[in-house]
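In the working numbering, the protein residues as written are 1474 to 1819.
Backbone N, C-alpha and C define an ideal beta-carbon position, used for all residues, glycine too.
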């Protein structure tokens, strides 16, 4: 990691889901709606160019002799020329792959909270904005860097790009010859109303209903309490990200008046224990600013993370770090796949 990299700093769902039987990706010619499922978008036959950053892991290599005799050991630079680096199943000479420092830092912070009741662990993609210039912040760093101010809403063009990107992944994962885990998706329309708490005006309770039927969603009345944020600036990629830890505490039906409402048009994709949500939000306390567009990832079952953490605490074989790494790497891949456009472009 670069010496100039700073440590991260701490700041302070439901619809029908279904396995898709090999859906066809369709794309919308109009920008009027931001989120679509794979079978809901009209196709124009175009494909986005493949990204060059999906490269092979060059760390997975070791030196092996080019000669047929396995006992030959190089004793000079001349003999070294006959050795070459080739991919192997062993990531290093120690047969392990080191987890990078940022993942370890995030994993250490999550350890203190992943076993709490009603915990929510999510990541949002966005950009950090300089309050004076109103431009994306520039710290002069060349690797991921922990900082503070964050803007999660992205341009509609960026939102559509991610929508099409994830739809293609659904299409590919549901082909008959696909060997990996299939991606499931659901399209939901919800309305949130926010109320003061029954015992305190300082509390803000959220009531979530199905926008079409008006029915209360399961677990639809909560008070969301922020625990901490981990803000990560990624200077060489189009987007940054924030990982948030919150508590979603169940609450009874509120008796106070509605403070404000918002509507959510959301497409959710589920894969490998992670939910990817593309959401267009209208209304809210700043409704005059128009709709906002967000992409967030959430660990579906934090209790599984807590179980792995428990095994690690007992010095038993555990995949805790690998689970956190998978979550962070999904965020990183989306950051790298983003369009390079200004955050303020509409």
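| Item | Value |
| --- | --- |
| Burial state of residue 1568, where buried means 16 or more other Cβ atoms lie within 10 Å | exposed |
| Bounding residues of the beta strand (DSSP E) (the contiguous stretch that carries residue 1768) | 1765-1772 |
| Straight-line gap, residue 1581 to residue 1728 (C-alpha atoms, nearest Å) | 40 Å |
| Residue 1624, enclosing alpha helix (DSSP H) - first and last residue | Neither: residue 1624 is in no alpha helix (DSSP H) and is coded neither H nor E. |
| Where the alpha helix (DSSP H) through residue 1795 begins and ends | 1793-1810 |
| Sequence ranges, beta strand (DSSP E) only - wholly within the segment 1696-1730, length at least 3 | 1713-1723 |
| Closest residue to residue 1772 among 1759, 1788, 1741 (Cα-Cα distance) | 1741 |
| Exposed unless 16 or more other CB atoms sit within 10 angstroms - verdict on residue 1814 | exposed |
| Touch test, the segment 1667-1685 against the segment 1762-1777, Cβ-Cβ under 8 Å, three pairs minimum | no |
| Heavy atom of the ligand SAH within 7 Å of residue 1710 beta-carbon | Judged by which ligands are present, the structure shown has none, so any question about the ligand SAH falls away. |
| Pair within 8 Å by beta-carbon distance, residue 1596 and residue 1804 | yes |
| Whole-angstrom distance between residue 1606 and residue 1637, CA atom to CA atom | 32 Å |
| C-alpha gap between residue 1778 and residue 1684, whole angstroms | 32 Å |
| Host alpha helix (DSSP H) of residue 1597 (start-end) | Run containing residue 1597: none in the alpha helix (DSSP H); it sits in the beta strand (DSSP E), 1592-1599. |
| Paired residues, beta bridge with residue 1752 - DSSP | 1739, 1767 |
| Reduced DSSP secondary structure (H/G/I, E/B, other) of residue 1775 | helix |
| N-terminal and C-terminal residue of the alpha helix (DSSP H) that residue 1584 is part of | 1574-1584 |
| Residue from 1635, 1768, 1590 with nearest C-alpha to residue 1737 | 1768 |
| Beta bridge counterpart(s) of residue 1680 as assigned by DSSP | 1666, 1694 |
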